[in-house]
Amino acid sequence: MRNVVVIGVGMTNFGKFPDLTVEQLGREAAWAAMKDAGVRPQDIQVAYLGNLTERRETGHISCVAQEVLMGVGVRGIPVTRVENACTSGSTAFREAWIAVGSGLYDMAMAVGVEKLTGRGAGPLTRIGDTIDGIAGFSPPGMWAMRARRHMAQYGTTLEQMAKVAVKNRKHGKLNPRAQYPKEVTVEEVRKSPMICDPLTLLDSCPTTDGGAAAILCSEEAAKRYTSKLIYVGAAVLKSGTYDSTRNIAINEIEKRAAQEAYEWAGVGPQDLDFAEVHDCFTIAEIVRTENLGFCKEGEGGKLVEEGTTQLGGKFPVNPSGGLLCKGHPIGATGVAQVAELVWQLRGEAGARQVNGAKVGLAHCSGGFIAQDTGASTVIILKR
Amino acid sequence: MVSFNPSILTLSAPEDGQPHLLGSCCSSCGKVFFPPQELCTECLQEGSIKEKALNSRGKVYSFTIVARESLAPPGFQVPYAYGYIDLPEGVRVLSKIVGWTPETLKLDVPGEMVLEEIRQDSLGQKIMGFRFKLV
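If you want it as structure tokens, here you go:
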């Protein structure tokens, strides 16, 4: 694999935009990334678009990727839609990295976009005559079950979980694109409406629309566009092992993905300056800081309690505000994490800046299969 | 009445005539799977998979109580509970939990699988599913 550089990123505001179409959101992000990179549509040689929910009922029975991209002048080239649940966007980014790193293409674009409001799409509850459907399963329930085991096995508390929301809301207040740039207290988190016991509304990421995009090219081509070279150190993807009686408080898939990413990038967790971690629920950030090696197993609650992971602390996690505050337009999230990494590494993160950031990690996971995770990605960028 | 999925839930098992969840057992390596599989992914032996009626009794590995109405599928009323149930064969089953109270529903509590009507089809036939009932 030759060196690949991210030369442009773009992102829409994240929020509820029932009147915006998925094309509008995707195009806004793609165009912003192209302008940021200084590239024309015809410079892009291959593109990947991450999206979960577009389907017949939403008006896109097929080829939503092509429909989005034609609106920014990207036509004729190989275009593929990518789906890996919440990590669809990161997977699209990884495909773009492979396309350029392999030498097959010199410039690629990864776009992520999701529209969850305005069409009565509803939550991602399972329905129908399946085991999940007759149990009334939905993703918050899986995390609630994980939380209970984590609390029983390691003594993690609801207050520690709430502190993740408090921290990420504080960060997100500094993010002009965040959905809820407003702080919350531990008490407000605990008193907010119950979703799936013990997870409350403020323990959970919101319903969000949005798009994000990134332009990647070879190191050699990159020098024509920018002197701020942000390298892709690693973009790893794994799927689960689906062991029937696993410990659900640990996501071993994330440990595996992280381990390989560290090896590829030639860094360890101690070399990272910050990380964006998939905090779909407060407990998720706690579990993932353990799996990614930022602290020992079972100590994720202590980590957030100590203040280590807040902006200004030793190791900021989710300086963007994370999914909890910024929002979670599913397909866009992974690419938005990459955008945050790029802005941080370029020194362009404004009030959210992690001083002297040189190496950042973006983690994203998705999918619920056999009490395990369907897909997990770890991306490391460095300058 | 009919099972929601006869390959997963049988309404009559040979030995005791009771409804049972159906898993798969590999006659070569002994591994038990739920839901059923056509191939033993443990030892990859072809043709070794046999149907296995699973134990009705197990315990709650973890659970949640759904409080948010928008998360409830058609036919469900909040609050309702579901969880992962550990069965003695070494499989874990996702199941709606019934017969619980906020005081009795805890990690590791025992229970048994029971039949419950999920809905009726257009001909008025009862479609049956399984639930884990605390004992």
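Those protein sequences? They're chains A and B, same order as listed. Using the numbering used here, the first residue of the first sequence is number 2, and each one after it goes up by one. Using the numbering used here, the first residue of the second sequence is number -7, and each one after it goes up by one. No residue lacks a Cβ here, since even glycine has one placed at the ideal position from N, Cα and C. Quick caveat: nothing in here was measured; it's all calculated off a predicted structure.
- Taken in chain order, the whole beta strand (DSSP E) runs of length 3 or more contained in the stretch 40 to 75 of chain B are 41 to 45 and 49 to 58.
- The C-beta separation of residue 95 (chain A) from residue 69 (chain A) comes to about 19 Å, leaving the pair out of contact by the 8 Å criterion.
- Counting the other CB atoms within 10 Å of its CB gives residue 17 (chain B) a total of 16 or more, which places it among the buried residues.
- Under the three-state reduction of DSSP output, residue 279 (chain A) falls in the coil class, being neither helix nor strand.
- In chain order, 178 place their CB closer than 6 Å to the CB of residue 14 (chain A), counting only its own chain and leaving out the 5 sequence neighbours on each side.
- Bridge partners of residue 233 (chain A) according to DSSP: A:382.
- Here residue 94 (chain A) carries a helix assignment [DSSP, helix/strand/coil].
- Bounds of any beta strand (DSSP E) do not take in residue 263 (chain A); it lies within the alpha helix (DSSP H) bounded by 253 to 266.
- Contact annotation for residue 138 (chain A) against chain B: 74 and 86 [CB-CB distance below 7 Å, chain order].
- Looking at the backbone, the Cα of residue 257 (chain A) and that of residue 335 (chain A) are separated by about 18 Å.
- When rounded, the separation of the alpha-carbon atoms in residue 381 (chain A) and residue 201 (chain A) is 32 Å.
- DSSP, read as helix, strand or coil, puts residue 35 (chain A) in helix.
- Here DSSP, grouped into helix, strand and coil, assigns residue 214 (chain A) to strand.
- Within the model, the alpha-carbon separation for residue 74 (chain A) versus residue 67 (chain A) is close to 10 Å.
- With respect to chain A, the C-beta atom of residue 126 (chain B) has no partner C-beta closer than 9 Å.
- In the DSSP assignment, residue 154 (chain A) falls within the unbroken alpha helix (DSSP H) covering 140 to 155.
- Residue burial annotation: residue 11 (chain A) is buried, with at least 16 other C-beta atoms found within 10 angstroms of its C-beta.
- For chain B, the residues of the stretch 181 to 198 of chain A that bring a beta carbon within less than 9 Å of one of its beta carbons are 194, 195, 196, 197 and 198, in chain order.
- For the C-beta of residue 128 (chain A), the chain B residues within less than 8 Å are, from N- to C-terminus, 65 and 66.
- Only those residues of the stretch 19 to 36 of chain B whose C-beta falls short of 8 Å from the nearest C-beta of chain A are listed: 25, 26 and 27.
- Distances from the CA of residue 74 (chain B) to each of B:96, B:-1, B:111 and B:88 were compared; the closest alpha carbon is that of B:88.
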